[in-house]
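Report on the following structure.
Here it is as structure tokens:
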């Protein structure tokens, strides 16, 4: 994959990373962690190829460890590996140069190394699993939810070792160790992504997106004046024209968009939005029109899962794609230029034959009937499943982009839990 798509398929994020570097103060609009990786590759190699190589190595190593740790026999291991490898959200995400590839890579390596650790208790695998989980938190804010399973196994292992000497202190040791690992992860994230960076508070776009949806539903303006353009440019009619269930960007970034921008990745975020006023307005609106809010969020869920048919929907055709931020301006892969013109590829990225809901559904079904024994292995599977539920809930609550790439983690989580269950069932025979 590295050789075929060298030096990687550039996305809008690649352009924004370059623009971020020209600013006097770096902002956190796009992941500073991934931006720094891009800058290092550019400085030392004048190419994005090393980025592609590393993210590919991390991901496939994790998947290989998962296959090796959960299946017995070369044929079954290779078969499992290849079934997961050919899933569109997997290989397409991994050839792209953006933060989602790093989220997927560190998640894969953390899970694979943790399964390997549980298989033979080699310290090296445990260290790799924990380090991958810690770096996973630096790729996106809600990824911290996906670190809990790895941290739990390490904390549980330390507690078990302590229990041999002091039985009464094992629970305190487990809690303390887990808390320490979580603090370290959050500290690393702060040092990489927050310290010395300009905070853009881009989460306020999600709140404004909610208010726009409720305003349209209730046929009355519920967005504070401070966030709208003056006059007809910020009217309800203009908001209705630029509103889409797929994402909030058209309300802000297009020519003629009705809502004000308080910053961009390429200009910085020097003007702080009146967040207190916005939070108060959002909360008051949600409590006043709970039905409209819930309907909006359910419709968002429908679009996120690609349940609605995108084939006759302009926004769906242009936005609900696996490679939604791909741009030919940044792309440097000649093979991808050929691949993306194929009708087969077009069908794949639009969800044919596998719609977006397939991967979360497989993940949800993988948790049915999980063993309730107190073993570390069984609890780890439970933790993976619950972490995936929490990760999905975070998008449902605060998400403002119905994008297929957010679901790519479930193309790993579902198969990982199923593989772990297969291993446990085989050991119990």
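In my numbering, the protein residues as written are 1 to 429.
Even for Gly, the Cβ is constructed at its ideal location relative to N, Cα and C.
Would DSSP call residue i helix, strand or coil?
i	result
residue 10	strand
residue 341	coil
residue 264	strand
residue 369	coil
residue 59	helix
residue 399	coil
residue 5	coil
residue 44	helix
residue 326	strand
residue 222	coil
residue 87	coil
residue 66	helix
residue 210	helix
residue 103	helix
residue 131	helix
residue 388	helix
residue 120	helix
residue 332	coil
residue 271	coil
residue 352	coil
residue 72	coil
residue 138	coil
residue 252	coil
residue 78	helix
residue 426	helix
residue 465	Outside the displayed span of the chain (1 to 429) sits residue 465, for which this structure offers no information.
residue 417	helix
According to DSSP, residue i sits in a beta bridge with which residue or residues?
i	result
residue 198	27
residue 36	Residue 36 pairs with nothing; no bridge assigned.
residue 234	None, per the DSSP bridge assignment.
residue 228	259
residue 17	DSSP, once it has assigned bridges, lists no residue as partnering residue 17.
residue 247	401
residue 96	9
Cβ of residue i within 9 Å of Cβ of residue j?
i	j	result
residue 52	residue 12	no
residue 332	residue 69	no
residue 9	residue 95	yes
residue 187	residue 154	no
residue 97	residue 136	no
residue 322	residue 404	yes
residue 206	residue 400	yes
residue 381	residue 420	yes
residue 239	residue 251	yes
residue 63	residue 412	yes
residue 196	residue 246	no
residue 283	residue 258	no
residue 394	residue 145	yes
residue 101	residue 129	no
residue 134	residue 181	yes
residue 1	residue 60	yes
residue 177	residue 159	yes
residue 295	residue 375	no
residue 236	residue 221	yes
Within 10 angstroms of the Cβ of residue i, are there 16 or more other Cβ atoms? Answer buried if so, exposed if not.
i	result
residue 210	buried
residue 290	exposed
residue 343	exposed
residue 310	buried
residue 78	exposed
residue 25	exposed
residue 82	exposed
residue 270	exposed
residue 256	exposed
residue 32	buried
residue 189	buried
residue 328	exposed
residue 41	buried
residue 194	exposed
Would you grab the beta carbon distance between residue i and residue j for me? Rounded to a whole angstrom, and I think it's under 8 Å.
i	j	result
residue 414	residue 362	4 Å
residue 334	residue 93	The Cβ separation is near 20 Å, so there is no contact.
residue 198	residue 27	4 Å
residue 356	residue 305	5 Å
residue 202	residue 138	Not really, about 17 Å apart at Cβ, beyond 8 Å.
residue 132	residue 109	4 Å
residue 330	residue 15	5 Å
residue 157	residue 170	That pair is no contact at about 11 Å.
residue 385	residue 370	7 Å
residue 354	residue 88	7 Å
residue 212	residue 320	Incorrect: roughly 19 Å between the Cβ atoms, too far for contact.
residue 265	residue 226	Not really, about 22 Å apart at Cβ, beyond 8 Å.
residue 29	residue 200	5 Å
Flag residue i as yes when its Cβ comes closer than 8 Å to any non-hydrogen atom of the ligand ATP, and as no otherwise.
i	result
residue 407	Of ligands this structure carries none, so the ligand ATP is not represented either.
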